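**Student:** Under my numbering, think of the first position of the sequence shown as 9, with each following residue one higher.
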Amino acid sequence: MLLNDKSGFTDKEIIEKGSRILIKELGYSGFLRFIRHSENISNEDYVKFGDHVFEEMSLEDIYDGATTHWENRK
């Protein structure tokens, strides 16, 4: 189990605390809807999606775009 360096919580503790907060704010049915929606998102194939998005870009183009974004993020 990984330890969250910033808070000192394990992954399990983070999930438990996050779940309690979501239930408190959304109620049980809202929490379940959130989980169901999150699970659908996580099933997406990000490799295929990335291949599609970047198919006409070279590695240098991607790097330059990321560098420009990083420098202009403020």
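Don't be surprised by glycine CBs; every beta carbon is placed ideally from N, CA and C. As the structure is a prediction and not an experimental result, all values here were calculated from the model.
The ligand SAH and S66: does any heavy atom of the ligand fall closer than 6 Å to the residue's C-beta?
**Tutor:** This structure simply doesn't include the ligand SAH, nor any ligand for that matter.
**Student:** Please report the straight-line C-alpha distance between F17 and K32, rounded to a whole angstrom.
**Tutor:** Residue numbering aside, residue 17 sits at position 9 when the sequence shown is read from its first letter. Residue numbering aside, residue 32 sits at position 24 when the sequence shown is read from its first letter. Between F17 and K32, the C-alpha separation is close to 20 Å.
**Student:** Short of 8 Å in beta carbon distance, which residues of its chain neighbour F42, apart from the five on each side in sequence? Order them along the chain.
**Tutor:** As a first step, residue 42 is located in the sequence shown; it is residue number 34 there, counting from the start. Closer than 8 Å at Cβ, skipping near neighbours: L30 and L34.
**Student:** Using the DSSP secondary-structure output, state which residues sit across from T76 in a beta bridge.
**Tutor:** Here residue 76 refers to the residue found at position 68 when the sequence shown is read from its first residue. None; T76 has no bridge partner.
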